[in-house]
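**Student:** My structure is below; once you've seen it, I'll send some questions.
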Amino acid sequence: MPVIKAVEFSDKEKAVIYTNAVKVLENYQTVINQMGEFVVNDIEKAKSSSEGFLELFVNRQVLLFNDLDPSHKLSEFYEAETYASNVLLWYPDGLSISLDLGNAKVSNIITHDETVYSLDIMVKKTMNGNYLNQTMNKNTEELTFRIAFGTGNKSVGNFRIVGIRNAASNMLIDYSKALQEVNAENFNNEDLAKIQAEVKNKLRDYANFLSLLGDPQETADDKEFYKTSFTGLFANTDIKLFNDIAPSPATKLISVSEYLANYVIDYPNGIRNLSVTADSTKFGNVMKNEDGSYYTYANAVKFFSGSYKGKEVFRENFPLIFKVSFNAAGKTFTDFKFNSIDISSQDFYESATGDGAENKPELVIKPVTRKGLWLMFTGGFGQTQINSADINSMASARTPYSWDVTPKYGLNAGVGATYNFTDNIGVRSGLEFNTFSSNYALFTDNLRNKDLSYDINNDPFYKIVDSDMDSLVKMSFLTFPFMVNYTSGKPGKLGFYGEAGVKVSIPLNTTYNASGNYETSGYYPEDGSIQTAPELGWFYKRENFNESDDVTLRGVNLGMYFSAGVNIPIGYYSNINIGPEVMIGLTDVMNHVNNYRDIFDNIYEHQPTKINNFGIRISFAYKL
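Mapped onto the numbering used here, the consecutive letters of the sequence shown carry residue numbers 5 to 628.
As structure tokens, then:
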């Protein structure tokens with residue numbers, strides 16, 4: 005049998021393993037309850053659910069503790085298929101169960117092979133049903149579920165139940181046969197026939213070479229050839245073999261080299277009989293190694309008889325399990341080698357007393373959780389507004405006119421940290437870079453001010469403005485977000501998120517670029533003339549101009565922020581959020597300005613300029 009030992013996983017890996025194992029138990033509870041519900045009114049649905057129940061196990065022959073019989077007078081274990089049938093037969097009025105998963109305990113994780121692991125989960129199971137319509141079964145019993153899983157491509161999967169026992173029972177279950185079914189690869193019948201034929205040939209070679217080595221009639225030179233040939237059946241000479249040539253071996257597993265040496269020394273007179281039942285071999289599923297090769301298990305009986313150390317006759321039948329590896333390329337299978345030979349289990353469970361009983365799981369289950377610290381990267385793109393109440397108010401000024409304001413696009417990028425207090429609620433802060441922009445266009449055609457003005461000669465006139473110009477304003481900020489967020493569902497599940505809070509922004513840079521044509525002139529009512537001479541003090545003309553400059557902003561800007569969308573998990577410890585976002589400015593980014601002058605130099609009390617953003621956000625978060 006494969007070597008069984010405890011193995012260490014990181015806390016994150018353990019949480020993923022525990023979460024998947026608990027899912028299996030949740031499905032176990034759900035499917036039995038479905039069977040117990042459907043059996044009353046729809047037996048076909050109940051039978052369909054029973055097939056789903058069997059999918060939770062590595063095979064239909066897995067042994068389950070018989071908790072269906074409330075008095076425990078029948079067999080202690082049933083195969084999974086029989087258990088499922090008995091649920092439908094013995095509880096025609098329905099059955100429901102509940103597992104106390106909140107108080108379940110887990111064992112250490114143990115390895116059984118290169119890619120096969122298992123753990124035990126101890127949980128209380130409560131029954132509620134009328135057994136054979138005669139006895140109410142309301143028993144609560146503590147059960148131990150052994151759940152196996154495989155590894156591959158740096159991830160875990162194939163979580164299946166390989167046995168269920170009563171935690172208080174003195175029966176030790178040998179799960180090795182069921183564990184061989186974990187991580188099975190799918191080969192068609194034709195390919196399996198080829199693989200099994202090659203394995204049978206190797207078993208025959210194994211028996212033939214040993215028989216020839218033990219034949220006193222063979223020459224020394226020929227025996228050296230047989231030794232070399234026997235050694236070539238194995239991946240290397242350090243491969244461990246069950247010591248089936250010693251009556252009471254001190255060491256049960258020895259290397260190929262030790263096996264050959266002992267075989268020659270301990271049987272100086274040769275052997276009487278040796279055979280392997282290759283033709284009646286039972287095969288396990290084919291599994292894949294991490295290096296891309298494959299392996300399978302073959303169960304065969306070996307008969308051995310010989311005079312141990314030239315004295316007493318040692319005669320025994322050994323049910324052996326051969327682990328055989330090979331390579332595959334399309335429909336071709338090559339390089340068949342033995343990787344181990346061990347004694348196969350006679351029974352699925354055996355009686356154990358005293359210190360032989362299995363230890364109960366004692367560790368608290370810590371499944372995957374969103375609780376804790378996450379590193380988050382955010383980015384966004386959307387339409388921004390630099391909303392000036394000064395400019396907007398000109399439509400109702402003494403001489404009304406209006407700017408054509410067009411929102412432009414801005415972006416934001418940031419890094420921060422989220423701390424989740426629960427699986428669903430957390431807070432976020434960090435550092436962001438945000439940009440905002442808007443375009444302002446002014447088109448006027450001989451727009452005349454309603455108020456009289458006076459030139460340097462104190463002559464009265466009405467100001468006139470002709471404008472065809474654009475001005476693009478850009479602002480950038482360093483922003484500190486303070487957010488509260490909610491994420492629906494369980495870790496690793498698709499859900500939605502919502503986030504709200506305040507953004508505190510410090511201005512970094514503000515620029516504008518103005519271009520076009522702009523001319524001022526004056527209408528003199530005393531003589532009806534229109535003057536444009538600059539020396540009169542106010543008149544000027546700019547054609548096809550293009551200028552840029554910086555504007556200094558001071559203070560701190562506050563904005564309300566909202567975002568909601570879909571939460572897409574990438575595994576259990578990272579996710580992507582995608583959704584719309586809105587930022588509404590609360591404070592005046594031009595609060596250092598007291599007055600506003602319109603295009604006629606009329607003075608007004610300054611009104612706030614606020615920035616808004618409406619866009620799409622994408623963020624990536626990883627749990628530390």
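A virtual CB, placed ideally from N, CA and C, is assigned to each residue, including glycine. The structure displayed is predicted, hence computed values, not measured ones.
Which runs of the beta strand (DSSP E) spanning at least 3 residues fall entirely within the stretch 225-293, listed in chain order?
**Tutor:** Here the runs fully enclosed are 244-246, 257-259 and 275-280.
**Student:** Taking only the alpha-carbon atoms, compute the straight-line gap between A250 and L207 and give it to the nearest angstrom.
**Tutor:** If I take the Cα positions, the gap works out to 21 Å.
**Student:** Return the CA-CA distance between V28 and F163, expressed in angstroms with no decimal places.
**Tutor:** Between V28 and F163, the C-alpha separation is close to 7 Å.
**Student:** With DSSP collapsed to three states, give me the class of E12.
**Tutor:** Correct three-state label for E12: coil.
**Student:** If distances are taken between C-alpha atoms only, which option among G532, I588 and T422 comes closest to G430?
**Tutor:** Among G532, I588 and T422, the Cα nearest to that of G430 belongs to T422.
**Student:** Which of the three DSSP states, helix, strand or coil, is assigned to G106?
**Tutor:** The answer is helix: DSSP assigns G106 an H, G or I state.
**Student:** Given this structure, state the Cα-to-Cα distance separating I345 from I151, to the nearest angstrom.
**Tutor:** Near 25 Å, if we compare the C-alpha coordinates of I151 and I345.
**Student:** Considering only the alpha carbon of each residue, which of A401, R402 and D427 lies closest to G376?
**Tutor:** Cα-wise, what sits closest to G376 is D427.
**Student:** Is it true that the CB of G420 sits closer than 9 Å to the CB of F385?
**Tutor:** No, they are not a contact pair.
**Student:** Is it buried or exposed for S252, if we count other Cβ within 10 angstroms and need 16 for buried?
**Tutor:** Answer is exposed; the Cβ neighbour count stays below 16.
**Student:** Distance check for R64 and V368, CA to CA, integer angstroms please.
**Tutor:** Distance between the alpha carbons of V368 and R64: 30 Å.
**Student:** Leaving out five residues on either side along the sequence, give the residues of the same chain with a beta carbon under 6 Å from the beta carbon of N416.
**Tutor:** Taken in chain order, the residues that qualify are G384, E436 and N438.
**Student:** Reducing DSSP to helix, strand and coil, say where Y22 ends up.
**Tutor:** Helix, per DSSP.
**Student:** Just curious, the beta strand (DSSP E) that A171 is in, first and last residue?
**Tutor:** Taken as a continuous stretch (DSSP letters only), A171 belongs to no beta strand (DSSP E), as it is neither H nor E.
**Student:** Please go through the same chain and pick out, in chain order, the residues whose beta-carbon is closer than 6 Å to the beta-carbon of L446, but skip the five residues on each side of it.
**Tutor:** Closer than 6 Å at the Cβ level, and outside the excluded window around L446, lie W407, S471 and M473.
**Student:** Which value, in whole angstroms, describes the spacing of the CA atoms of N598 and R558?
**Tutor:** Looking at the two C-alpha atoms, the distance is approximately 13 Å.
**Student:** Between the C-alpha atoms of E59 and E85, what's the straight-line distance to the nearest angstrom?
**Tutor:** In a straight line, the C-alpha of E59 is about 10 Å away from that of E85.
**Student:** Measuring alpha carbon to alpha carbon, tell me which of K315, T382 and G334 ends up nearest F624.
**Tutor:** When only C-alpha atoms are compared, the closest one is T382.
**Student:** Evaluate F308 with the Cβ neighbour count: other Cβ atoms within 10 Å of its Cβ, from every protein chain shown; 16 or more gives buried, anything less gives exposed.
**Tutor:** Buried.
**Student:** Per the DSSP calculation, A304 is bridged to which residue(s)?
**Tutor:** DSSP, once it has assigned bridges, lists L324 as partnering A304.
**Student:** Can you tell me which of the three DSSP states E146 falls into?
**Tutor:** In the structure shown, E146 sits in a strand (DSSP, three-state: E or B).
**Student:** Can you tell me whether DSSP reads T373 as helix, strand or coil?
**Tutor:** Three-state result, T373: coil.
**Student:** If you run the structure through DSSP and keep just helix, strand and coil, what is W378?
**Tutor:** Here W378 sits in strand by DSSP.
**Student:** Rounded to the nearest angstrom, what separates A46 and I36 at their Cα positions?
**Tutor:** In the sequence as displayed, the identity of residue 46 is Asp instead of Ala. Each residue's alpha carbon lies about 15 Å from the other.
**Student:** What first and last residue would you give for the beta strand (DSSP E) that runs through Y565?
**Tutor:** Element bounds for Y565: N561 to P573.
**Student:** Within the stretch 20-81, note down every full alpha helix (DSSP H) run reaching 4 residues or more, in order along the chain.
**Tutor:** Fully enclosed alpha helix (DSSP H) runs of 4 or longer: 47-58.
**Student:** Under a three-way DSSP split, which group does T357 fall into?
**Tutor:** Here the model assigns T357 a pLDDT of 37, short of 50, so the residue's position is not dependable, and the following value carries that caveat. Note: T357 maps to coil in three-state DSSP.
**Student:** Per DSSP, what kind of secondary structure is D209 in: helix, strand or coil?
**Tutor:** It is helical.
**Student:** If you pair each beta-carbon of the stretch 387-394 with each one of the stretch 611-622, do three or more pairs fall below 8 Å?
**Tutor:** Yes, since at least three Cβ pairs between the stretch 387-394 and the stretch 611-622 fall closer than 8 Å, the two stretches touch.
**Student:** Does L196 come out as helix, strand or coil in the three-state DSSP assignment?
**Tutor:** Three-state result, L196: helix.
**Student:** Let's test the definition: count the other Cβ atoms within 10 Å of the Cβ of H596 and tell me whether it reaches 16, buried, or not, exposed.
**Tutor:** When all chains shown are included, H596 counts as exposed.
**Student:** Name the two residues that bound the continuous alpha helix (DSSP H) containing N396.
**Tutor:** Looking at the DSSP string, the run of the alpha helix (DSSP H) that includes N396 is A393 to N396.
**Student:** For a test of your reading of the model: does the CB of F330 fall under 8 Å from any non-hydrogen atom of the ligand FMN? Yes or no.
**Tutor:** The ligand FMN is not among the ligands present in this structure, which contains no ligands whatsoever.
**Student:** Classify P538 as helix, strand or coil using the three-state DSSP reduction.
**Tutor:** In the structure shown, P538 sits in a helix (DSSP, three-state: H, G or I).
**Student:** Output yes or no for whether 9 Å exceeds the beta carbon distance between N561 and S509.
**Tutor:** Yes, the Cβ-Cβ distance between N561 and S509 is below 9 Å.
**Student:** To the nearest angstrom, how far is the alpha carbon of M587 from that of N453?
**Tutor:** Cα to Cα, the separation comes out at about 38 Å.
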